[in-house]
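Using UniProt numbering, read the sequence shown as starting at 1 and increasing by one per residue. Virtual Cβ for every residue (Gly too), placed ideally from N, Cα, C.
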Amino acid sequence: MVAAGIGLPLALRRRWPLPVFGVVLGMSAAGLFLGTAHDAFVAAAWALYTVAHTRVRVRWGLSTAVGALSAVGLFGATATGVPATRGTEPAWWGGEAVAVLLGAVLLGGAWTVGSAVRARRDYAAWSAARLARQAVTEERLRIARELHDIVAHSMGVIAVTAGVANHVLKERPEEAGAALRTIEETSRGALTETRRLLGVLRTEGAFQEAAADRVPHPGPADLPALVAPAEAAGVRVDLRVTGAGRLPEALGLSVYQIVREALANVVRHAAPTRCQVTVSGSARDVRITVVDTGPPPRPGRERAAGGGHGIIGMRERAAAFGGSFAAGPRKGGGFAVEVRLPYVTGGGVRA
C-alpha cells in the first residue's frame with residue numbers, strides 16, 4: 001500500500017506537481033517510520049524536482065517548507081545524541097536516522113537542480129524575446145532609412161527644381177519645361193521605389209512568389225541616374241566611379257543609397273553649387289567621398305555633422321558593414337562625407 005501511494009502519484013506529477021509532491025512526501029514519511037521504505041525520499045525528491053522547474057508562485061513558500069522539513073529531520077536525528085553504550089540506541093536510531101539525513105540532502109538537491117533548470121529556461125525565453133524585439137527594431141530602422149532616403153531625396157529635388165521652374169517660367173520657358181520634366185521623372189522614380197519597398201513588407205509567401213520577377217536593387221552602375229535630377233536643382237555634379245563594378249548586391253545597394261542621401265543633402269542645403277562624388281573600389285573595400293563647395297551656411301541653417309536623419313542613416317549603413325563614416329563642414333564652406341565599406345571579394349559581406 002505504501003509503495004503504491006509513493007509510486008502511482010508520480011505518473012501525474014507534471015499535471016499536478018505540488019499536490020503530487022505532498023502525497024508522495026507524506027507516504028514516504030509514513031513508509032520510513034513504519035519501517036517499510038528506507039529509500040522512499042528518492043520518489044519525493046523526484047516530485048520536488050518537478051515542482052521546482054515547473055512552478056513559480058510557490059517557490060519561496062515551498063523553499064521554507066523544505067528547509068523546515070530538513071531542519072526537523074536533522075534535529076530529530078541528532079537530538080538524542082550518540083548513544084553512550086551499545087544496545088541503548090532509540091528504536092528508530094540507525095537506518096531511519098540515515099534515511100532522514102539522506103532524504104534532507106536529496107530534497108535540497110532536487111529543489112536546487114530544479115530551480116536551476118527553471119532559471120536557465122526562463123533566461124533562454126527572455127533572450128529569445130529580446131532577440132525578437134531587437135529584430136523588430138532593426139527592421140523598423142531599416143524601413144525608416146529606406147523611406148527617408150526615398151522621400152528626402154525625391155522631395156528635395158522636386159522642391160528645388162520647382163523653385164527653379166517658377167523663377168525662369170516667363171523669361172526662359174524651355175528651362176522651365178526641362179525642370180518640370182525632371183520633377184515628373186523624379187516623382188515617378190520615387191513612386192516606383194516606394195512600391196518596391198511596400199512589396200518587401202508583404203507576407204513571406206507572396207514575396208517569394210514575386211521574387212523571380214522582382215526588379216534588381218540599384219547599385220554603383222545606377223549612380224549616373226542621380227546626376228540629372230541634382231543638376232536640374234542647380235548642383236553641378238562630377239561623378240567618378242572606379243573599381244566598383246561587381247559588388248555584392250547588399251553592398252552595392254548601400255553604396256547607391258549613401259551617395260543618393262549625400263546628394264540630397266547637397267541639394268537641400270548647398271544648391272546652387274558644385275559637388276564631386278568619388279566611388280572607388282579595391283580588393284578590400286569601397287570608399288565613397290562626396291564633397292561640395294557650397295557657401296558657408298546661413299545662421300540657423302547649419303548642416304549638422306551628426307544630428308540629421310540623413311547623416312544618421314548613412315552612419316547606420318556604414319556600421320552595418322563594419323565600415324567607417326565621417327561627415328562635417330569644410331574650412332571656407334562646403335561639406336564633406338567620407339565612407340569606407342569593407343567587403344570580401346567572394347561575395348560575403350563582413351557584418
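Nearest residue (CA-CA) to GLY332, options GLU316, THR194, HIS309 and ASP292: Counting from one through the sequence shown, the residue named residue 332 turns up at place 332. Closest option to GLY332, Cα to Cα, is ASP292.
Strand pairing of ARG240, partner residues [DSSP]: In the sequence shown, counting from the first residue as 1, residue 240 sits at position 240. The partner list for ARG240 (beta bridge, DSSP) reads THR278.
Beta carbon proximity, VAL279 to chain D, threshold 9 angstroms: As a matter of chain content, chain D is missing from the structure shown, which is built from one protein chain.
Cβ shell of GLU316 (< 6 angstroms), same chain only, five flanking positions each side left out: As a position in the sequence shown, residue 316 is number 316, starting the count at 1. Shown here for GLU316: not one same chain residue has a beta carbon closer than 6 angstroms to its own, the five before and five after excluded.
Alpha helix (DSSP H) runs wholly inside the region 103-171, at least 4 long, in chain order: none
Selected residue, minimal CA-CA separation from ILE158, among THR137, GLY189, ARG130 and PRO173: In the sequence shown, residue 158 corresponds to position 158, counting from 1. Comparing alpha-carbon positions, the option among THR137, GLY189, ARG130 and PRO173 lying closest to ILE158 turns out to be GLY189.
Identity of the residue in VAL23, LEU106, VAL113 and VAL24 nearest HIS53 by Cα: Taking the first residue of the sequence shown as position 1, residue 53 is located at position 53. Nearest option by C-alpha distance: VAL113.
Helix, strand or coil at VAL82 according to DSSP, with G and I counted as helix: In the sequence shown, the residue the question calls residue 82 occupies position 82. With a pLDDT of 44 at VAL82, under the threshold of 50, the predicted position of this residue should be treated as unreliable, though the coordinate-derived value follows. The answer is coil: DSSP assigns VAL82 none of H, G, I, E or B.
Closest by C-alpha distance to VAL286, when choosing among ILE183, GLY294, CYS275 and GLY245: Along the sequence shown, one-based indexing puts residue 286 at 286. Distance check between VAL286 and each of ILE183, GLY294, CYS275 and GLY245 places GLY245 closest, using alpha-carbon atoms only.
VAL136 Cβ short of 8 angstroms to the ligand PLP heavy atom set: Judged by which ligands are present, the structure shown has none, so any question about the ligand PLP falls away.
Residue from PRO224, PRO229, HIS153 and GLU139 with nearest C-alpha to THR182: Indexing the sequence shown from 1 puts residue 182 at position 182. Ranking PRO224, PRO229, HIS153 and GLU139 by Cα distance to THR182 puts PRO229 first.
Whole-number beta carbon distance between LEU106 and ALA47, since they are thought to touch under 8 angstroms: Counted from its first residue, the sequence shown places residue 47 at position 47. Counted from its first residue, the sequence shown places residue 106 at position 106. Contact doesn't hold; Cβ gap of about 11 angstroms is too wide.
Whole-number beta carbon distance between VAL259 and VAL277, since they are thought to touch under 8 angstroms: Here residue 277 refers to the residue found at position 277 when the sequence shown is read from its first residue. Here residue 259 refers to the residue found at position 259 when the sequence shown is read from its first residue. Between the beta-carbon of VAL277 and that of VAL259 there is about 6 angstroms, and that keeps the pair under the 8 angstroms contact cut.
Contact under 9 angstroms by Cβ, GLY252 with SER282: Here residue 252 corresponds to residue number 252 of the sequence shown, with the count starting at 1. Here residue 282 corresponds to residue number 282 of the sequence shown, with the count starting at 1. In this structure, SER282 does not lie closer than 9 angstroms to GLY252 by Cβ.
Enclosing beta strand (DSSP E) for residue 422 [first to last residue]: For the chain, the structure presents residues 1 to 351; residue 422 sits outside this window and is missing.
Whether ARG240 touches VAL279 by CB criterion (9 angstroms): Counted from its first residue, the sequence shown places residue 240 at position 240. Counted from its first residue, the sequence shown places residue 279 at position 279. When the beta-carbon positions are compared, ARG240 and VAL279 come within less than 9 angstroms of each other.
Cβ-Cβ distance between ASP122 and GLY313 below 9 angstroms: Against the sequence shown, residue 122 aligns to sequence position 122. Against the sequence shown, residue 313 aligns to sequence position 313. Going by C-beta atoms, ASP122 is not nearer than 9 angstroms to GLY313.
Residue span of the alpha helix (DSSP H) that contains ARG260, given as start and end: Here the question's residue 260 lines up with position 260 in the sequence shown. Where ARG260 is concerned, the enclosing alpha helix (DSSP H) stretches over 249-269.
Residue burial classification, ARG195 (beta-carbon count within 10 angstroms, cutoff 16): Taking the sequence shown and counting its residues from 1, the one referred to as residue 195 is at position 195. Exposed is the call here.
C-alpha gap between GLU249 and TYR343, whole angstroms: The residue labelled residue 249 in the question sits at position 249 within the sequence shown. The residue labelled residue 343 in the question sits at position 343 within the sequence shown. Their Cα atoms are separated by approximately 11 angstroms.
9 angstroms Cβ cutoff met for ALA152 and GLU231: For this step, residue 152 is matched to residue 152 along the sequence shown. For this step, residue 231 is matched to residue 231 along the sequence shown. Not a contact, by the Cβ cut-off of 9 angstroms.
Where GLY328 falls: helix, strand or coil (DSSP): Here residue 328 refers to the residue found at position 328 of the sequence shown. Here GLY328 sits in strand by DSSP.
Inter-residue spacing [alpha-carbon to alpha-carbon] between GLY310 and ASN265: On the sequence shown, position 310 is the one that residue 310 refers to. On the sequence shown, position 265 is the one that residue 265 refers to. Cα-Cα distance, rounded: 8 angstroms.
Proximity below 9 angstroms, CB of PHE321 to CB of GLY328: As a first step, residue 321 must be located in the sequence shown, where it is residue number 321. As a first step, residue 328 must be located in the sequence shown, where it is residue number 328. Their beta carbons are not under 9 angstroms apart, which means PHE321 does not touch GLY328 by this criterion.
Rounded straight-line distance, which links the Cα of SER115 to that of PRO220: The residue you call residue 220 lines up with position 220 of the sequence shown. The residue you call residue 115 lines up with position 115 of the sequence shown. Those two C-alpha atoms are separated by around 56 angstroms.
Enclosing beta strand (DSSP E) for ARG287 [first to last residue]: Looking up residue 287 in the sequence shown gives position 287. Start and end: 285-292.
GLY109, buried or exposed, once every other Cβ within 10 Å from all chains shown has been counted against 16: Taking the first residue of the sequence shown as position 1, residue 109 is located at position 109. So GLY109 ends up on the exposed side.
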